[in-house]
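Structure first, then comments.
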Amino acid sequence: MLSQYCISLASIQKAQSVIAGLVHLTPVLTNSTLNQRAERQIFLKCELFQKTGSFKIRGALNAVSSLVERGKDGSGVRAVVTHSSGNHGQALALAARLQGVPSYVVVPRTAPACKKAAMAGYGAILVECEPSDQSREEAASRTVAETQGILVHPNQDPLVIAGQGTIGLEILQQVPDVQAVVVPVGGGGLISGIAVAIKTQRPDVKVYAAEPENADDCYRSKRSGRLAPNARPPVTLADAVKTSMGPGTWPIIRDLVDDVFTVSEQEIQSATRLVWERAKLVIEPTAGLGVAATLSRRFRGLPAGLRNVCVVLCGGNADLDSLRWLAASGGAD
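If you're matching positions, the sequence shown starts at -9 in the working numbering and goes up one per residue.
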């Protein structure tokens, strides 16, 4: 069955060798307050400590390094192009700079200013677009044509998905008794890579997706059995998961993800604040999705025997200029 997907365990293991020494082995931490509130043992895979502040550098480095290696046959790589709300753009910009390749990032005009500044700081040339999947893709296609560059899709490129899957390999090593993994889902590259890495080796481990109620294409798609993208640009604090799943990630999610937990904006706010205050980890709200899911009533209704749960904290690129929600979210008590 796994042969039908765009990636395999072998491609994830190859990605691990490609990016070895270029990315951090991020720590897995625990927190007693989270354990008490979730009524389980919660392990936090801290990708906020990764280079560029999120997991995205894994896939970007694997993609750019692999493209440059292939280009040594004389075809070369004139530039790399992507569209991103911030984290993938930062990662691609750094990966391209390390390889000496120009990078262009199509970014929604509504993306956080801190993420735009970071992308430019890593050397990317920014091209603004409207905040919709269609606008992002059209602007990226134009930029590819104008620069004669190569598109590195933020979540559908097999090299990117394989790079993100290296997190799954690390989780199995760092938390050998893990029984479930909770992963934020937007376009699906992160959870797809992790699902293949884990299910091919430990099919007993549950893989759960966490997403905002306001951007619930994964939940609706799983329920209907067919890909159901968001009809309009979602409005959610979790800005990194506003994109919908695509044809590369949907088959993996359809088959290998065990369930999807949706959470409200208030739950995202409260979980993010809880992690800031009690775990002392400055995550971005998208990373709060998994924590919010584990604290939800539906998740706490899962069998008590499901004790060891690893939550992927996907990033820490919080927009500190837009923290008005923090005052309204209440304290951790």
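Glycine residues also receive a C-beta, built at the ideal position from the N, C-alpha and C atoms. Here the structure is a predicted model, which is why all the values come from computation and not from measurement.
Close CB contacts of Asn25 within its chain, under the 8 Å cut and outside five residues either way in sequence, are with Gln31 and Ile32 (chain order). Taking C-beta atoms as the reference points, Cys300 and Ile181 fail to come closer than 8 Å. For the region 121 to 155, the full-length alpha helix (DSSP H) segments reaching 4 residues or more read 123 to 137 along the chain. Secondary structure of Lys196 (DSSP, three-state): strand.
Judged by beta-carbon spacing, Gly155 lies within the 8 Å limit of Ile2, meaning their Cβ atoms are closer than that value.
When DSSP states are grouped into helix, strand and coil, Lys35 belongs to the strand group. A residue is called buried once 16 or more other Cβ atoms fall within 10 Å of its Cβ, and Ala221, having fewer, is exposed. Cys300 carries a strand assignment under DSSP once its states are collapsed to helix, strand and coil.
The C-beta of Arg288 has fewer than 16 other C-beta atoms within 10 Å across all chains shown, which makes the residue exposed. For Asn298, the closest C-alpha among the options Leu19, Phe251, Gly61 and Leu227 is that of Leu19.
Under the Cβ criterion (8 Å, minimum of three pairs), the region 270 to 285 counts as touching the region 303 to 317. By DSSP's assignment, Thr16 forms no beta bridge with any residue.
Lys270 sits exposed, since fewer than 16 C-beta atoms from the chains shown fall within 10 Å of its C-beta. Counting other Cβ atoms within 10 Å of its Cβ, Glu59 stays below 16 and is therefore classed as exposed.
Ranked by Cα distance from Val67, the first of Ser74, Ser56 and His73 is Ser56. In the DSSP secondary-structure assignment, Ile115 is bridged to Tyr94. Taking 8 Å as the cut-off, the Cβ atoms of Leu149 and Val71 do not count as close. In its chain, beyond the 5 residues on either side, Val186, Pro241 and Ile242 have a beta carbon closer than 7 Å to the beta carbon of Tyr(-5).
Within the same chain, Cβ atoms closer than 6 Å to the Cβ of Asp167 are found at Asn298, the five residues on either side in sequence being excluded.
Looking at the DSSP output, Ala170 sits in a beta bridge with Lys196 and Val299. Closest by C-alpha distance to Leu217, out of Asn204, Ser131 and Gly178, is Gly178. Taken through DSSP and simplified to helix, strand or coil, Ser56 comes out as helix. With respect to Val165, Gly280 sits apart: the two C-beta atoms are not nearer than 8 Å.
For Ser44, the pairing in a beta bridge is given by DSSP as Gly305. Unbroken alpha helix (DSSP H) stretches of 4 residues or longer found wholly inside the region 233 to 259: 240 to 246, given in chain order. Listed in chain order, the non-local C-beta contacts of Val265 below 7 Å within the same chain comprise Leu271, Ile273, Gly278 and Val281, local neighbours out to five positions each way being set aside.
Linking Asn77 to Arg290 through their CA atoms gives a straight-line distance of about 31 Å. Here the alpha carbon of Leu84 sits roughly 23 Å from the alpha carbon of Leu159.
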